[in-house]
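Structure first, commentary second.
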Amino acid sequence: MRVLAAMSGGVDSAVAAALAVDAGHDVTGVHLALSQDRQALRSGSRGCCSVEDSHDARRVADELGIPFYVWDMADRFTEDVVDDFVAEYAAGRTPNPCLRCNEKIKFSAVLDRARALGFDAVVTGHHARLADGELRRSVDAAKDQSYVLGVLTADQLAAAVFPLGGMTKDRVREIAAERGFAVATKADSHDICFIPDGDTRGFLARRLGSRPGPVVDAATGATVGAHEGTYGFTVGQRRGLGVSTGDQEPRYVLGIEPVTRTVTIGTAELAGVDEITTAGATWTSAAPALPLRAQVQLRAHGEPVPCEVVAGADGGLVIALDAVQRGVAAGQSAVLYEPDAVRGDRVLGQAAIRATRRRPAAVGR
Amino acid sequence: MTYLDHAATTPVLPEVVAAMAEQLGRVGNASSLHASGRAARRAAEQARERLAEALGARPSEVLFTGGGTESDNLAVKGLFWARRQADSRRRRIVVSPAEHHAVLDSVEWLAKHEGAEVTWLSVEPSGRVTPRALAEALGDGTDVAVASVMWANNEIGTVSDIAALAATAHDVGVPLHTDAVQAVGQVLVDFGASGVDALTMTAHKLGGPMGVGALLLRREAECTPLLHGGGQERDVRSGTLDVAAIVGLAVAAAAAVEGRVERAAELAHLRDRLVTGVVGQVPDAQLNGPALDDVVRSGPGRLPGNAHLSFPGAEGDALLMLLDARGIECSTGSACSAGVARPSHVLLAVGADPDRARSSLRFSLGHTSTDADVDALLDVIGPVVERARRAGMGRR
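These protein sequences, in sequence, are chains A and B. All residue numbers for the first sequence refer to this note's numbering, where the first residue is 1 and numbers rise by one. All residue numbers for the second sequence refer to this note's numbering, where the first residue is 1001 and numbers rise by one.
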C-alpha cells in the first residue's frame, strides 16, 4: 500500500511510521502544521505543532529514508477545532478538541487530500486496535485512545492504520530506543496542543473576554457568588467555584446556562445523572439495532459504564446508565463500546451529549 | 533521478573535488609566517586572483566569506552602517521586494533595530527593476545609505540591467549592492564594467562547495565589519581562511565563466523545450517572469536555465510531492524554516495573486542537465497536474 504517515514529532507516530515501513508499505511522512504561530517553541512536555516538533519528525523520516513534507493545515485547524472549541465553551458546553481534530482534520481534510494524491491509507500513532474494520481499545489500558477515535466512520476506518494498538507505550519507547530515535525519551504530550501552557481558562478568557454572571445554589435558588465567564466551568467541577454556601458540604457544577450566564451548583446527590440525551450518532460500522445493551464512556480516560441505548429524537440517542455518574458535561462525546475482554472492547460509535438528567423513578433509589 | 533544481545547488565539478582534496591534504594556516603558512597563503591568493579575473574585479576587491547569505548581510549592513556613520542623514535603504531573503531579512533587521527606513522599489511584472524606478525611489539621494538590486532573480530568473542601475545610483551618490548568486556563470558578470560597489557571489551554484562565497567590494567603499577577530580580509571580514574551500570556489567560478557562452546556449535550448513541452501538455500553465526570448542590454533577460510555471488549480506543494514520488526533483518558491509552503514573495511582488503564487514550480537546469531530464518531466507532468488539481478541489 501507499500510505501517508502523520508524524507529529512524538515517539508514537515515529514508531508507527517505522512499523509501516517494516510492513513493506510505501510510506511518505507528513507533519501537520496546525498552529498559527509556527515559531512557538515547545514548552515543557506539551505541544505537537512547533517548529521543533516538525524538526523531530523530519529527523525520524530521514532516518527511515522516507519522503517528508509539512502540510499547512493551520487555517482548517483554527476554524474546525480551535474556533469550535471556543464556541462550544461560549455555548456552555465542554468540547473534546482531540476528537474534533480526528474527525475534521486527520481523518477528513488530511485523509481526503491523501486519497486524492494517490495514497491508500493514513497511518497514525494512536493507541487503538484496528483490524477487519473493527476499532478496539489498545492493549495498554492507560494509553488507550479509542475514545477520541470513536467519531470515525467505517469509510474513514477503512483508510486508517494504527500499528500501535497491540503494544504498550513502554514497548513503543523500547522500539524507538532500539532504532536510535532521539524522540525515544521525548515526554508525552498532554492536554490541548493549542494551549501549550495548559491554562485553558486563561486561553478562553483571552478569546472570550469578561462575561460575568451569577453562581446559583440549586437547593435554595440563591445567588451565592459571581464569576467572570461560564467558560471557566465544567459540569461536575468541584474546585475553584469561589463561593461560600454556609455549610461544609462540597458543591459541584450542575449546569451552565449561557444566555443568562448562570452557573448552577449543588451538592453531590444533585450532581448525579443517569440518563443522557445526545445529538445525532455516528457509527464505526453499520448502525446497530436499537435498543442496545452496551458500555458507554463519557470522557477521555473515563470509566466505561453499562447502559441501555434507545433511539431518541432527530437521529440522537437516549442512553440510560446502570449507575449514576457525576460530571457528565454537554458537548462531550458518549462513546459506546461492546465489551470484549479477549480482543479488546469494540467501539460501536459515538454521539455528542446534549442534555442529562436524573430519571424520576430513580430518585432516592 | 531527474534533478531539475540546479538553482538550489548544482553538482560539484570533478576538477573542484580534485583541487580541494589536494589542498585538504596540506597543513598550513594562511596567516602563519612559516613555510606551511606561506604555501597556504599562496594557494589562497592564487584563488583570489583567479576569481577576480573571472569576474572582472581586482584581487584586492575580493573578500572571501562563508557564502551568499553572509555576503549579502555584510554588504547591506556594512554599507548602511559605514555610510550612516559618515553622514547621519543617510538612514534610507532602497531595495526591491523581490530580493532574496538574505537581503530582505537584513534590511528588515536594520529597520527594526537600527532605525533604517526602507523604500521598496516598484518592480515590473517581469520582475525587473528599471533605472527610472530606482531614480524615483532614490530622489536626490542625500538621505540614502545604500541601494540593493539583485542581478538575476533566483525564483523567476529575471535579469536586470545592473550597469544602468549602478549609473543611476551613482548619479545621486548612492552605492549599489547586487546579489549575483544566480547570475554568475549564466550571464556575463563583469564587476568592474558594471560599476556596482558590492557584489555577492557563492560557490555552490557553480559546481563549487557549499559554505564559501565572496563579496566583491570596491576598494573605496567603506564597509563596517560583521565579524571581528583578526581582520584577515581587508579588515572587513575576519576568520581563518578556508583555503581548500577558496580554491574550490575559484576553480568552479573559472570553469563556469569559461564555459558560459556554450553552456548558456545549451541550457536555453533545454529550458525552451521544457517550457514548450509543459505548456503543450498543460495548456493553461503560465510562465512567470520574462518571456523566454527576453533581452536586456544585448544579453538574455531571463536566466537561460530558469523555468518558472504556475499551474492554476493545483498547489505547488502537491505538485512537488507527486513529482518527487516519480523521481523528479524541483522546487516551489520559498519555504519558511518549518517547511510550510508560503506563497512566493517574489510572485507577490510582481503582482501575482496568492493562488497563482501557491500553484507555481521552479525547474532550474544546470551543467549536468540533458534532454533526457526534460523528457522525464514531460512524461509525467500532465497526469501529475491533473491529480494535484483533484487533490486541491476539496480545499476551502
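The beta-carbon is built from N, C-alpha and C at its ideal position, and this holds for glycine as well. Every value quoted in this text rests on a predicted model; they were computed, and no experiment measured them.
The three-state reading of DSSP puts A/S333 in strand, counting E and B together. The beta carbons of A/T262 and A/G213 sit about 6 angstroms from each other, so the pair counts as a contact at 8 angstroms. Put simply, the CB of A/R113 is near chain B, with a gap under 7 angstroms to one of its CB atoms. Interface residue (Cβ-Cβ distance to chain A less than 7 angstroms): B/D1355 is not classified as such. Any Cβ of chain A closer than 7 angstroms to the Cβ of B/D1379 would place that residue at the interface, and such an atom is absent.
Three or more beta-carbon pairs drawn from the region 1349-1369 of chain B and the region 1301-1311 of chain B are found closer than 8 angstroms, and the two stretches are therefore classed as touching. Put simply, the CB of B/R1358 is far from chain A, with every gap to its CB atoms at 7 angstroms or more. Taking the Cα of A/V347 as reference, the smallest distance to any Cα among A/H301, A/G302, A/Q295, A/V318 is reached at A/Q295.
Cβ neighbours of B/W1151 within its own chain (closer than 6 angstroms, five residues either side excluded): I1162, T1178, A1180, A1183. Taking 7 angstroms as the threshold, the shortest C-beta distance from A/P196 to chain B does not fall below it. Judged by DSSP secondary structure, A/D120 falls outside any alpha helix (DSSP H); it is assigned neither H nor E. Counting every other CB atom within 10 Å of its CB across the protein chains shown gives B/G1066 a total of 16 or more, marking it as buried.
Comparing C-alpha distances from A/A160 to each of A/A20, A/A219, A/V86, A/A334 shows the shortest one belongs to A/A20. Under the Cβ distance rule, A/L117 counts among the residues neighbouring chain B, one pair being separated by less than 7 angstroms. When only Cα atoms are considered, A/T282 and A/E338 end up about 15 angstroms apart. For B/A1008, no CB of chain A lies under 7 angstroms from its own CB, so it is not counted at the interface with that chain. When C-beta distances to chain A are compared with 9 angstroms, every residue of the region 1091-1114 of chain B stays at or above that value. Annotation for B/L1138: the continuous alpha helix (DSSP H) segment containing it runs 1131-1138. Taking a Cβ-Cβ threshold of 8 angstroms, the residues of chain B close to A/P67 are M1321, D1324, A1325, in chain order.
In terms of beta-carbon proximity, B/R1390 lines the interface with chain A, with at least one pair separated by less than 7 angstroms. Three or more beta-carbon pairs separated by less than 8 angstroms are not found between the region 162-174 of chain A and the region 52-72 of chain A, which leaves the two stretches without contact.
B/W1151 sits in coil when the DSSP states are folded into three classes, being neither helix nor strand. Cβ proximity to chain A below 9 angstroms picks out D1317, A1318 from the region 1304-1319 of chain B. DSSP places B/N1306 in the uninterrupted beta strand (DSSP E) bounded by 1306-1310. A/R357 has its alpha-carbon roughly 20 angstroms from the corresponding atom of A/Y89. Short of 8 angstroms from the beta carbon of A/P258, and not among the five residues preceding or following it, lie these beta carbons of its own chain, in chain order: A90, A91, G92, T230. Close CB contacts of B/R1273 within its chain, under the 8 angstroms cut and outside five residues either way in sequence, are with D1371, V1374 (chain order). In the three-state DSSP reduction, B/M1201 falls in the strand class (E or B).
Note that the region 1224-1244 of chain B touches the region 1057-1077 of chain B; at least 3 beta-carbon pairs, one per stretch, sit closer than 8 angstroms.
Following the DSSP letters along the chain, one finds B/V1016 inside the alpha helix (DSSP H) bounded by residues 1014-1024. When DSSP states are grouped into helix, strand and coil, A/F233 belongs to the coil group. In the three-state reduction of the DSSP assignment, A/I192 falls in the coil class, being assigned neither a helical nor a strand state.
Per DSSP, reduced to three states, the secondary structure at B/E1114 is coil, with no helix or strand assignment. In this structure, B/A1021 sits away from B/T1069, with a CB-CB distance that is not shorter than 7 angstroms.
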